[in-house]
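Trainee: Residue numbers (our numbering): 51 to 273. Virtual Cβ for every residue (Gly too), placed ideally from N, Cα, C. As the structure is a computational prediction, the values presented were derived from the model and not from experiment.
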């Protein structure tokens with residue numbers, strides 16, 4: 051082969067190789083960038099997979115919330131310490147099943163009623179059925195040791211973030227501590243204390259069983 055032919059062949063190889071490298075860098079710009087940033091060859095660059103957090107088990111606290119949403123009175127009573135105790139006392143006072151059934155019906159009517167005028171967070175609290183209303187989104191966000199002043203040992207306190215779908219039916223709450231101005235709550239976080247014995251919901255407010263984390267309230271609604 052002549053010297054001219056050899057030079058032509060060499061230039062063909064160079065052009066082909068350069069085109070291949072340019073093509074790879076065009077297709078994989080992110081890899082070349084990662085490689086340069088880390089000071090390693092492009093082939094050694096890797097992208098780590100996103101790790102999702104493990105969901106927190108809400109246990110009986112979440113079951114209680116869902117029972118209220120579903121208007122499942124029997125389940126609410128079973129999961130609530132003071133309600134179960136009240137019906138046990140009624141049964142001890144009278145062996146008449148009709149009397150006990152009337153007491154249960156009266157209790158159900160109270161804990162599942164949602165009159166509009168009572169859908170308000172007051173100083174004493176708010177009834178559970180307004181917090182865990184049908185259609186609200188529930189998310190268990192954390193757990194801790196719970197209260198120590200409830201008269202019985204607490205196994206855990208489960209914090210649940212509640213998000214409401216419509217401002218027209220959301221609970222009203224003061225926009226700031228001591229403020230008379232009320233707005234519908236878009237989202238807030240509430241605590242449910244679970245007894246060590248029996249694993250039932252304990253009463254933690256004058257009105258209702260829940261601890262409302264008042265500084266967690268969000269009043270901004272999507273347009």
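Is it the case that the segment 204-215 contacts the segment 101-113, given that we only count it when at least three CB pairs across the two stretches are under 8 angstroms?
Mentor: Yes, the segment 101-113 touches the segment 204-215.
Trainee: Taking only the alpha-carbon atoms, compute the straight-line gap between residue 132 and residue 238 and give it to the nearest angstrom.
Mentor: Going by the C-alpha atoms only, they are around 25 angstroms apart.
Trainee: Straight-line CA distance for residue 254 to residue 148?
Mentor: Answer to the nearest angstrom: the Cα atoms are 31 angstroms apart.
Trainee: Taking residue 214 and residue 186 to be in contact with their CB atoms under 8 angstroms, please state how far apart those CB atoms are, rounded to whole angstroms.
Mentor: 5 angstroms between Cβ atoms; contact.
Trainee: For residue 273, which residues of its own chain have a beta-carbon under 6 angstroms away from its beta-carbon, when the five flanking residues on both sides are left out?
Mentor: None.
Trainee: Do three or more CB pairs link the segment 257-268 to the segment 164-182 at distances below 8 angstroms?
Mentor: Yes, the segment 257-268 is in contact with the segment 164-182.
Trainee: Three-state secondary structure (DSSP) at residue 245?
Mentor: Correct three-state label for residue 245: strand.
Trainee: Between residue 162 and the rest of its own chain, which residues show a CB-CB distance below 7 angstroms, the 5 nearest in sequence each way excluded?
Mentor: Hits under 7 angstroms: 121, 123, 179.
Trainee: In the segment 138-176, which residue ranges form an unbroken alpha helix (DSSP H) of at least 4 residues, counting only runs that do not cross its ends?
Mentor: Listed in chain order, they are 147-162.
Trainee: Which first and last residues belong to the beta strand (DSSP E) in which residue 223 is found?
Mentor: First-last of the beta strand (DSSP E) with residue 223: 222-224.
Trainee: Could you work out which residue in 134, 227, 155, 243 is closest to residue 200 when comparing CA atoms only?
Mentor: If we check each option's Cα against that of residue 200, 243 comes out closest.
Trainee: For residue 232 versus residue 170, is the C-beta spacing smaller than 9 angstroms?
Mentor: Yes; because the gap between Cβ atoms is below 9 angstroms, this pair is in contact.
Trainee: Below 8 angstroms on the Cβ atoms is my guess for residue 227 versus residue 264; work out the distance and round it to an integer in Å.
Mentor: Their Cβ separation, rounded to whole angstroms, is 7 angstroms, which keeps residue 227 and residue 264 in contact under 8 angstroms.
Trainee: Name the one or two DSSP bridge partners that residue 261 has.
Mentor: Answer is 241.
Trainee: By a C-beta neighbour count over all protein chains shown, 10 Å radius and 16 as the cutoff for buried, is residue 142 buried or exposed?
Mentor: By the 10 Å Cβ count, residue 142 comes out exposed.
Trainee: For residue 225, collect the residues of the same chain with a Cβ closer than 6 angstroms to its Cβ; drop the 5 residues on either side in sequence, then sort them by chain order.
Mentor: Around residue 225: 231, 233.
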